[in-house]
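Student:
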Amino acid sequence: MKTLKRKHSRKDYKIAIILSLFNEFIGQKLLQGALNCLKENSIDDENIDLVKVPGAFEIPVTAEKLASLNKYDAIICLGAVIRGETPHFDYVANAASSGILQVSLKHTLPVIFGVLTTNTIEQAVERAGGKDGNKGWDAALAALEMADVMKKIK
Ligand code: INI
Numbered sequence: 016m017k018t019l020k021r022k023h024s025r026k027d028y029k030i031a032i033i034l035s036l037f038n039e040f041i042g043q044k045l046l047q048g049a050l051n052c053l054k055e056n057s058i059d060d061e062n063i064d065l066v067k068v069p070g071a072f073e074i075p076v077t078a079e080k081l082a083s084l085n086k087y088d089a090i091i092c093l094g095a096v097i098r099g100e101t102p103h104f105d106y107v108a109n110a111a112s113s114g115i116l117q118v119s120l121k122h123t124l125p126v127i128f129g130v131l132t133t134n135t136i137e138q139a140v141e142r143a144g145g146k147d148g149n150k151g152w153d154a155a156l157a158a159l160e161m162a163d164v165m166k167k168i169k
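Quick note on numbering: the sequence shown equals residues 16 to 169 in this note's numbering.
1) May I ask you to report which of helix, strand or coil DSSP gives Ser57?
2) Within the same chain, show all residues whose beta-carbon is closer than 8 Å to that of Thr135, passing over the 5 residues directly before and after it, in chain order.
3) Using the C-alpha atoms, what's the distance from Ala154 back to Ala181?
4) Less than 7 Å between C-beta atoms, sequence neighbours within five positions excluded: which residues of the same chain meet that for Val63?
5) So if DSSP puts Lys67 in a beta bridge, which residue, or which two residues, is it bridged to?
6) Figure out for me which residue from Ser112, Leu46, His103 has the closest Cα to the Cα of Asn76.
7) Measure the CB-CB distance between Ile127 and Ala157 and report whether it falls below 7 Å.
8) Any chance the region 99-106 sits against the region 140-154, with 3 or more Cβ pairs inside 8 Å?
9) Which residue wins for smallest C-alpha separation from Asp105, given the options Ala71, Ile41, Lys167, Gly151?
10) Going residue by residue through the region 74-120, where are the continuous alpha helix (DSSP H) segments of at least 4 residues, counting only ones entirely within it?
11) Quick check on the DSSP output: the alpha helix (DSSP H) that includes Leu159 runs from which residue to which?
12) What residues match up with Phe128 in a beta bridge as DSSP calls it?
13) Do you know whose CA, among Lys150, Asp88, Asp147, lies nearest His23's CA?
14) Report yes if the CB atom of Leu50 is closer than 7 Å to the CB atom of Gly42, and no otherwise.
Below you can see the structure in the form of structure tokens.
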């Protein structure tokens, strides 16, 4: 068995972040977590592009456009879809998750699902720098790890 282990420098990784502004107070915390993670992993600020969109529903088309530029090693999608009284939650959450997956597979590019889907605002707060950690940080780490994986399999 051969485990692919080639070591690549992350110094020149180019990362795009898409931030949904719906439930922005949560999104900003996820963004801060993601940026902290990228900084801790020596990603240069100049190599990070941030695109803000109105809601999670608009993430996939934005990811598609960014992926088409062929310049990023990973795209991190951040946002919060919080369940309300209507089925809107399911439409938005499903569209965001399946749309992100489609872009990722189409471009063979890590497009990371850092979108919280929770029943309550409290659950979202707990996952955005609260007692359950910061899923923005986790999403950024997944982006770097998957960018490494993509380079190893070349
Ligand atoms: N967008 C979100 O990112 N989170 C939500 O919780 C949400 N809710 O609950 O409605 C939401 N809706 C907006 C949606 O993403 C689109 O921006 C809108 O439908 C316009 O296309």
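Every residue gets a Cβ at the ideal spot worked out from N, C-alpha and C, and that includes glycine.
Bear in mind the structure is a predicted one, so any value in this text is a computation, not a measurement.
Tutor: Quick answer:
1) Taking the sequence shown and counting its residues from 1, the one referred to as residue 57 is at position 42. Reduced to three states, the DSSP call for Ser57 is coil.
2) Taking the first residue of the sequence shown as 1, we reach residue 135 at position 120. Answer for Thr135: Ile97, Arg98, listed in chain order.
3) The shown model of the chain, from 16 to 169, leaves out residue 181, and the question about it has no answer.
4) If you number the sequence shown from 1, residue 63 lands on position 48. The residue asked about is misnamed: residue 63 is Ile in this sequence, not Val. Once the five neighbours on either side are set aside, the close Cβ partners of Ile63 are Ile30, Ile32, Leu53.
5) Within the sequence shown, the letter at position 52 stands for residue 67. Note: Lys67 sits in a beta bridge opposite Leu34.
6) Walking along the sequence shown from the start, residue 76 turns up at place 61. Per the sequence shown, residue 76 should be read as Val rather than Asn. Of the listed residues, the one whose Cα sits closest to Val76 is Ser112.
7) Taking the sequence shown and counting its residues from 1, one reaches residue 127 at position 112. Taking the sequence shown and counting its residues from 1, one reaches residue 157 at position 142. For Ile127 and Ala157, yes; Cβs fall inside 7 Å.
8) no
9) Working through the sequence shown from its first residue, we reach residue 105 at position 90. Nearest option by C-alpha distance: Ala71.
10) 74-83
11) Taking the first residue of the sequence shown as 1, we reach residue 159 at position 144. Here the alpha helix (DSSP H) through Leu159 covers 150-167.
12) Sequence index remark: in the sequence shown, residue 128 carries index 113 (1-based). Partner(s): Cys92.
13) Within the sequence shown, numbered from 1, the residue matching residue 23 stands at position 8. Ranking the options by Cα distance to His23, first place goes to Asp88.
14) What you label residue 50 is simply residue 35 of the sequence shown in a count that begins at 1. What you label residue 42 is simply residue 27 of the sequence shown in a count that begins at 1. Not in contact: Leu50 and Gly42 (Cβ atoms no closer than 7 Å).
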